[in-house]
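Take the position in the sequence shown, starting the count at 1, then add 1212; the result is the number in our numbering.
Cβ atoms here follow ideal geometry from the backbone N, Cα and C, with glycine treated the same way.
This structure is a prediction, so every number in the text was calculated from the model and none was measured.
Single-structure report; data block below.
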Amino acid sequence: MASNSHDSWNHALAELALNHDLLRSDSRAVMEEILGGNRTQEEIAEFLALHTRKGGTAVEVSGFIEAMYAHAAPISITDRAVDTVGTGGDGFHTINISTTSAIVAASAGARVVKHGNRAATSKSGAADVLEALGIRIELNGSQVAQLVEEIGLGFCFA
């Protein structure tokens, strides 16, 4: 991969335009750029279009995952927990059932670590629903863990 982020990004786009697979280091660098907020929505869309056209590989996905793990906020909880997450893309603009399910499951005694985001293709994402209920969504890992311990439900803003 090229030495600086601009060169790295352009190198990855050029490889994808030629239908070449990316190295793990290439895909990790691309995801680092995206997660670091260094790329515009248009640049990300261009990358995604090229990558979708070529098709992904396990090696590329492993590079993406490495970058995501490096940016993840760890949560330390003592017991098992479940996550209810939806794709947000049912296309029918139905209610946000995964968030509703998380609340019901926690009310029934399950320990839930819910993760989600704002609406992308639907009327409401998990973050939108929780904010409408007056729940703070921008919490660090220890705050989420504390909520899971105290009330059985914590939210990780993805």
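Check: Beta bridge counterpart(s) of K1326 as assigned by DSSP; Outcome: F1367
Check: A1338 to A1332 span [Cα, whole Å]; Outcome: 11 Å
Check: Residue range of the alpha helix (DSSP H) that includes I1289; Outcome: Premise fails: I1289 is in no alpha helix (DSSP H) and is neither H nor E.
Check: C-alpha gap between I1277 and S1319, whole angstroms; Outcome: 33 Å
Check: Buried or exposed (CB count within 10 angstroms, at least 16 for buried), N1222; Outcome: exposed
Check: Closest Cα partner of F1369 within the set G1353, I1246, D1238 and E1362; Outcome: G1353
Check: I1307 versus L1365 - alpha carbon distance; Outcome: 20 Å
Check: Simplified DSSP state of V1294, which is helix, strand or coil; Outcome: strand
Check: Helix, strand or coil at F1304 according to DSSP, with G and I counted as helix; Outcome: coil
Check: Nearest to G1321 (by Cα), restricted to the options I1309, R1292 and S1288; Outcome: R1292
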